[in-house]
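Residue numbers (full-length UniProt numbering), protein chains in the order written: chain A, 1 to 347; chain B, 1 to 347; chain C, 1 to 347; chain D, 1 to 347. All C-beta atoms in this analysis are idealised placements derived from N, C-alpha and C, irrespective of residue type, glycine included. In what follows, a structure is listed as C-alpha cells, so that the remarks can point back to it.
There are 4 protein chains.
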Amino acid sequence: MSNRIKAGIVGATGYTGVELLRLLAAHPNVDVCAVTSRSEAGIAVADYFPSLRGVYDLAFQTPDEAGLAQCDVVFFATPNGVAMKEAPALLAQGVRVVDLSADYRLQNIPVWEKWYGMAHASPETVARAVYGLSEMNRSSIAQAQLVANPGCYPTCVSLALLPLLKAGRLKENMPLIADCKSGVSGAGRKANVGTLFCEAGDNFKAYGVGGHRHLPEIKQTISGLQSNVAEGLVFVPHLTPMIRGMQATMYLHLHDGTDPHELLAGFYHNSPFVDIMPPGSTPETRSVRGANLCRISVQQAPQSNVWIVLSVIDNLVKGAAGQAVQNMNIMFGFNEEAGLNNAPLLP
Amino acid sequence: MSNRIKAGIVGATGYTGVELLRLLAAHPNVDVCAVTSRSEAGIAVADYFPSLRGVYDLAFQTPDEAGLAQCDVVFFATPNGVAMKEAPALLAQGVRVVDLSADYRLQNIPVWEKWYGMAHASPETVARAVYGLSEMNRSSIAQAQLVANPGCYPTCVSLALLPLLKAGRLKENMPLIADCKSGVSGAGRKANVGTLFCEAGDNFKAYGVGGHRHLPEIKQTISGLQSNVAEGLVFVPHLTPMIRGMQATMYLHLHDGTDPHELLAGFYHNSPFVDIMPPGSTPETRSVRGANLCRISVQQAPQSNVWIVLSVIDNLVKGAAGQAVQNMNIMFGFNEEAGLNNAPLLP
Amino acid sequence: MSNRIKAGIVGATGYTGVELLRLLAAHPNVDVCAVTSRSEAGIAVADYFPSLRGVYDLAFQTPDEAGLAQCDVVFFATPNGVAMKEAPALLAQGVRVVDLSADYRLQNIPVWEKWYGMAHASPETVARAVYGLSEMNRSSIAQAQLVANPGCYPTCVSLALLPLLKAGRLKENMPLIADCKSGVSGAGRKANVGTLFCEAGDNFKAYGVGGHRHLPEIKQTISGLQSNVAEGLVFVPHLTPMIRGMQATMYLHLHDGTDPHELLAGFYHNSPFVDIMPPGSTPETRSVRGANLCRISVQQAPQSNVWIVLSVIDNLVKGAAGQAVQNMNIMFGFNEEAGLNNAPLLP
Amino acid sequence: MSNRIKAGIVGATGYTGVELLRLLAAHPNVDVCAVTSRSEAGIAVADYFPSLRGVYDLAFQTPDEAGLAQCDVVFFATPNGVAMKEAPALLAQGVRVVDLSADYRLQNIPVWEKWYGMAHASPETVARAVYGLSEMNRSSIAQAQLVANPGCYPTCVSLALLPLLKAGRLKENMPLIADCKSGVSGAGRKANVGTLFCEAGDNFKAYGVGGHRHLPEIKQTISGLQSNVAEGLVFVPHLTPMIRGMQATMYLHLHDGTDPHELLAGFYHNSPFVDIMPPGSTPETRSVRGANLCRISVQQAPQSNVWIVLSVIDNLVKGAAGQAVQNMNIMFGFNEEAGLNNAPLLP
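Shown next, in the form of C-alpha cells:
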C-alpha cells in the first residue's frame, strides 16, 4: 500500500468538518484533495474558516465536481440522511468511507428508522458497516471498507464500560445510569436559537430526557457484550456552557469481587488514546481539549456499593473527527497515532 | 412588632454577602445598619462593590465597632467556624440570627466535627437551631431565634425530594442518585487557583466524589422524613462554567402507584418560590437567575422504571441569600415574598 | 392622570421584549395588557420565557387581536421597519409610543434610508419623534407622544460626551475616537451562525469597521450640540464574549482648561441613572448588569494630552428596555425611577 | 551543530510554562530535560498538568537539582525579577537563554526600574539581550545568547506598526492610539480575586489606564524605528472574558500617499507567522487560538482620514511561548517553523 493517500470530505462546513481539516493538515500520510459543500461551492476553505488561512488552498466544490471517486477515503461530515444516499456509489467504486453521521451506526434498521424519523436509503449496506469504536473493533475496522463512526455520547460512555462488559462484570437487570454533559459544539454549526451564545451561555440544563438518539446506540454496544444489562440503561444528556468537551458520570452495580480499575487499566494498557487515571482522580474536560483522548477514572461511592465511573473526551476529537482519523489509520495500516499526537490545549 | 427592622451582616465581602446586600436593598421592611469585615474595615461598601454605588452609604466595620447587638437580625455570611463562636453572644442579647454558613446545620455534633474538621465551639446551641429549608420548616422557623440556612446542594436536592419522602414514596434500601452541577460562585469569592477564569472556564468536572460536606446534610433531611432511604444516597457534585446556577438530576425508585408530579404539585401549591413544571419539562438554571426560585420537573426514564427528577436554583439566592431573607420574613411575620419578588434575569 | 396605565408590547419575543416584560412586572404604575407576536400567537408568555412562569398570565396575540389601541402606551420591540408602518395608526388614536427600533431615530430621512436600506414608510411622522436619550431631552420627552429610543452604542457614547459637547469643550476638527465593545445580546435573539455560543464564545473581534448604523445616530447627537466635532468621529464596535454589557473607551481632545470630570459630575448631579465615578476609576460592565445605569469615568492618558473617557451600560437596560421605561416614566409624569431601582446583579 | 538540543524551563507551573511544554513536546529538535519549580519540586509534571499525562515523564525539580547548566537552552517562564538574578550564571556557562519575563526587555535601566518597582540585579547584562520580536530582529536573534521575549501587548501592537515605522509613514507628533483587549490568561496562573471566574466572567473593563508596563516597551520599539512618533502613543488595555486571545484596534495618522496594506503585505511576504488579511477583513482572536500567528488587517475609517489597524494573536503563543520557541529556532538555526506549524483550534 502506498504510504500516502488522498482524502475527501463531504460536508465540511460544520464543526466536525473543520476539525477533520485541522487534524488532516498535520497528518503525515494524507492529502486532502476534495472538500464538498453544496451551499458554499466556490468559496475557498481559507475564506470560510479563517483559522485555516495559509493551511489549505482548496475551495469547496459541489459533490459532482469534486471527483470523490478518485479519493482513497471519503469522510462524511454531513447531517444524518446524506451518507446513506451517497456512500454506496463510492463504495461500489472501491473508495473507503468513514461516516461521521449516524446513518450506519445501528444494525437494526427499524430501530434506526424510528429514532431518526426517516426511511433508510441503503439498508443493504448497513450490515457491511463496522462500528468504529476503535478500541472495541480494531481488527474488524482494519478490514472494513465502511466505518460508522460512533456518536460522541456513545464513545464517552462505551469506552468506560467496554472492559467491564467484556468481562461480564455488570450486574444484570440493575439500573445503569449515565449522566452525561456536553459542550455546545455537539449541537453543530447551524443557525439555531437554542445554541446562541445568549441562550446556551451561563446556563445549564438537561435535554432529551424523554429519549435521545444515542440511547439505542449505547444499548446496541452493551447488548453485544453482556446480556441483560442494556435494559437497565438510563441516559440523560445535559448541555453545559463550554465549547468543546463531554463528561459522563456513570453509576454502576458490579458483581462482587470486581476491581474495575484493574480491569480498565489492563484492557487499555496498549491503547494510546485511553488514559485510565488513578482511582480517586476526577478527569476534567479541558485535560483532553483538542486531543484524541478519553480519560477515565473509577471509584466507589462513599458509604455505598455503587461504583462511580467518570469519563471525559473532546466531543469533536475522540467523539468525532479524531476517532474518524484514528479509524482511517487503522483501515490503511498507518501508525494508529499518526496525525493525532498533539498534546491537549490547556488552558 | 414594628414593621421595620434593623439588620446586620457579618462577613459581607463574599458572594453571599453582596447578594444579601442586593436583596435587602429592595426589602420594604429592612434597614441594613451594620456590615462587618475585619479585613476591609473602613472601606465603603460602595467602593468595594461598585455595583452598590448609590445604593448603600455604609462602610465595613470591625465586629466590635458595628453594634450588632442593636440589630433585630444578624446574618452570618462568614466562612464555616465563625458563627459558632460569635452567634451565641448575640442570641443571648435577644438578637435573631440567620447563619448562612454550615455551623448549625447538622444536629449530630460528632458528624459535624468529622466533616468540617474542627471542634464545634457552641455545641449546646446547635439544638436550638432550626434548619432553614423554608418550605419544610415554616412553622418552626417562625418561632426560631436561630436559623441554620441550608447549603445550596441540600436545598436543590431536598426541595425535590421533600414531598415524596413525606409521603413515604421512595423505595427503601435502593440507590438514590443525585448528580448535581454548580456554577462557580458556589466556591465563594476567595483567591484560589482552581476557580480562576482560566481554570474553571470552558471546563467541566466532577469534584468531591469521595465525600462532600453536603452529603451528611442531605442525609439528615432524608432520615428525618422517611426511614431506610438515606443509606442509598449517592451524591456527586460537578463544577460547570457558569457564574450562578445549580442543577440536580436525580434518579429515584418509587413505590408502585406513585404519581410524583401530582405529589409535588400538591405539596407546593401554596409555596410561591417552588415551581413544579409540567412533566417532560426541563428546567434550566437561567430561568431562576437572580431569583428566589426552585423549579422542578419529574418524569419516568424511557424504557425504565427509574424516575428522573430535575431541579434548578440560583445557588446564591434560593441556595443562600434569598432563602436567608425568606427565613427572616418568616421569623418576623413579614410577607414571605417581601423583597423577593423580582423576576429572573434572562438572558 | 390616572396613576395606573395599560401598556402593550409589539414583538416581545426578543431580548428587549423579555427585558421590558421583566422590568414592567416590577413597575408600580403599569399593567401589561397586550403582548404581540405574529409567529408565536397563542403561546403563553410563561411557556415561551420560562423565567416569567408565575409572573405573567398573558399569551402572545396577533397584532389584530391585541387591542393595542386600548393601551395608554405601546412599546415597539420589533426589528427595524415595523414601527414605521404600525405606529402611525396608534398615534392617530391617541396612544403614546416608545419605539425601541431605529425607525424614528434619525431626523434626516435620506440618511436613514441609506443606512437602513429601505424606504421610510412614515417620513412625515419622523419630525414628531423625540429622541429618547432621557438625560438630554427630558423636557421634550415629557411632552412627546412618540419617543425614538436610542441605540445602545449611541446611549453609551453620547451620555459621556453630552456635558462636554453642551459646554463646547471638544476641540473642533480633531479625531474623536469611540472604541466600543458589546455583549452578544446586542445582536438579538434570532437564529444566526455568527452569534452561536461556539462562534461568539471565547472570541473577540471588531465588526462593522467600514460603517455601522449607529455612526450617523451618534453624529446627529453630536452635531446638535457642538459644531465641527461630529466630522472627526471614528466609531469601531467590537463583539465580546459576554451576554449583557457594553463598554466604550473614548479618546478625546479637549480645549485647554477643561475639567471634564467636574463638568460631567455637575451635569449629572441630579440624574439618578448616570454615575460619574472618581477620576482614575475603571467602570466595569458587571457593575451595571441588569440595572438602568450608565457609569462613566474620565482621566488623562499618561504622558499625553489625550483624554480617556470610559463608559459602561447594560445594553439591554439603559441601552434599550430600561431607558424605554425611563422615557415612559417621564412621558406619564411618574417618578423617573419607578420600576427601575433594583440594584445590579453581581456576580 | 547537533540537530537535537536539550532544553530546560525555569518556573514551568504557570500558563506560559505549560504552553512551552505543549509546544516543545511536538518539536522535532528539542528534548525537555529539566523543569524547575521551587514550590512543586518532586511533583510529576503529568500530575500537575493532567493535560500532559502520557506526554512527559519529568518531575519538577528545584533549580539546584535540575542541572540547567547542562542544557543548550533555558527558558525563564518566571515572574519578573527572577531571570535577572539567575540567567547571568547560565550565560557564563555558555547556555543560551530565552527570558519570557520582562527582565531584559527595556534597555533603559532607570525606566525599567521605575516601571517594575525594583532594582535591576544584572544591569550589565541588559545590553547583551536582543529584543525577541522575531520578525524585527531575526538576524540579531540568530547571533544572540540572550533573548528578551517581548510582552504580549507589545507583540500584538508592534508587529502591526513595524512596516509602517520602518518606512517612516506615521505622522509625527500625532496621537497613535492602541486600544487593546486581552483574554484572562494574560494575568497568569496565580491565586487572585480579580481573575476568578466569577469576577472576570461575563464582564468587560479597561485596566491600567493610568499606566501599564507595556507602554515603555512599545515606546522603545517605536522610537528605535521612527522619530517623534512614540510620544503620541496612547495605550489602553482591557480585560475580556475569554481564556486566550489578544486583539488591538489601532488608530493611526499616516503620511499622505501611504498604502499601508501594501506595505504590510510586502514586509511580511516571507514571514510564516504573520498573516496580512485583505483590507476590510476583521481578524478574530479564535482564528489564531493555539497557534503562533499574528493576523492583521488595515482599512481607513469611514468618512475620516484615520487609519484603523486590527491585529490579533494568541497571547500565550505568539504573545509568549510560541514566539519563544520561534526565537529558539532562529538562535539554533532550526527551521523557523519547527514545532509551530499546527493549525489553530476552532471552534
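- Distance between A89(D) and I109(D) (C-alpha atoms, nearest Å): 20 Å
- In terms of residue numbering, what span does the beta strand (DSSP E) encompassing A248(C) cover? M246 to L252
- Message: Residues in the same chain with beta-carbon distance under 8 Å from M246(B), minus the five sequence neighbours each way, listed in chain order, please.
- Response: C152, Y153, C156, C180, K181, S182, G183, G186, T285, V312, I313, D314, N315 and G319
- Item | Beta bridge counterpart(s) of C180(D) as assigned by DSSP | P237(D) and A248(D)
- Message: When you compare the CB of T13(B) with every CB in chain C, is at least one pair closer than 9 Å?
- Response: no
- Taking the Cβ atom as the reference point for each residue, do A178(D) and A92(D) lie within a distance shorter than 9 Å? no
- Inter-residue spacing [alpha-carbon to alpha-carbon] between P216(A) and P237(A): 14 Å
- According to a CB-to-CB cut-off of less than 7 Å, which residues of the stretch 179 to 204 of chain B neighbour chain C? S185 and D202
- Task: Output, in chain order, the set of chain B residues within a Cβ distance shorter than 7 Å of residue 349(A).
- Result: The shown model of chain A, from 1 to 347, leaves out residue 349(A), and the question about it has no answer.
- Query: Nearest CA to the CA of residue 351(C): which residue from I330(C), A12(C) and T13(C)?
  - Reply: The structure shown does not extend to residue 351(C), since chain C is modelled only from 1 to 347, so the question has no answer here.
- Query: chain D beta carbons: is any one of them nearer than 9 Å to that of I313(B)?
  - Reply: no
- Item | Residue nearest to L293(B) in terms of C-alpha spacing, selected from S227(B), G208(B) and L159(B) | L159(B)
- In whole angstroms, what is the alpha-carbon distance linking W307(B) and M277(B)? 15 Å
- How long is the line joining the alpha carbons of L196(A) and I243(C), rounded to whole angstroms? 10 Å
- Task: Specify the secondary structure class of residue 370(B) as computed by DSSP and reduced to three states.
- Result: Chain B is shown from 1 up to 347; residue 370(B) falls before or after that span and cannot be answered.
- Per-residue burial, H269(A) [other beta carbons within 10 Å of its own, 16 or more giving buried]: exposed
- Answer with buried or exposed for A66(D), where buried requires no fewer than 16 other C-beta atoms within 10 angstroms of its C-beta. buried
- Burial state of R289(B) (16 or more Cβ within 10 Å): buried
- Would the stretch 66 to 78 of chain D and the stretch 8 to 18 of chain D be scored as touching if the rule is three or more Cβ pairs under 8 Å? yes
- Query: How big is the Cα-Cα spacing for A301(B) and V234(A)?
  - Reply: 6 Å
- Task: Report the residues of the stretch 224 to 256 of chain A with a CB closer than 9 Å to any CB of chain C, ordered along the chain.
- Result: P241, M242, I243 and R244
- Query: chain D partners of R22(A), CB-CB under 9 Å?
  - Reply: N342, A343, P344, L345 and L346
- Please determine, among M328(D), K6(D) and F334(D), the residue with the shortest C-alpha to C-alpha distance to A144(D). M328(D)
- Which residues in chain C sit within 7 Å of R53(B), going by Cβ to Cβ distance? D275
- Query: What are the start and end residues of the beta strand (DSSP E) that includes G8(A)?
  - Reply: I5 to V10
- Query: Does A291(A) come within less than 9 Å of chain D when only Cβ atoms are used?
  - Reply: yes
- Item | Residue environment, P344(B), which counts as buried when at least 16 other CB atoms sit within 10 Å | buried
- Query: Do the stretch 120 to 134 of chain C and the stretch 95 to 108 of chain C touch if we need at least three Cβ pairs shorter than 8 Å?
  - Reply: yes
- Other residues of its chain near E262(D): CB distance less than 7 Å, five sequence neighbours each side excluded: none
- Along chain A, which residues have their Cβ under 7 Å away from the Cβ of A25(D)? A343
- Item | Check whether A44(A) and L58(A) have beta carbons under 9 Å apart | yes
- Task: Taking V111(D) as part of the beta strand (DSSP E), name the residues at either end of that continuous run.
- Result: No beta strand (DSSP E) holds V111(D); the alpha helix (DSSP H) holding it covers I109 to Y116.
- Select from the stretch 34 to 53 of chain D all residues with a C-beta closer than 8 Å to any C-beta belonging to chain E, and list them in chain order. Checking the listed chains, one finds no chain E in this structure; the protein chains it contains are A, B, C and D.
- Message: The beta strand (DSSP E) that contains A34(B), what's its start and end?
- Response: V30 to T36
- L165(B) versus V274(B) - alpha carbon distance: 17 Å
- Quick one: using the 10 Å Cβ neighbour count with 16 as the cut-off for buried, is H120(A) buried or exposed? buried
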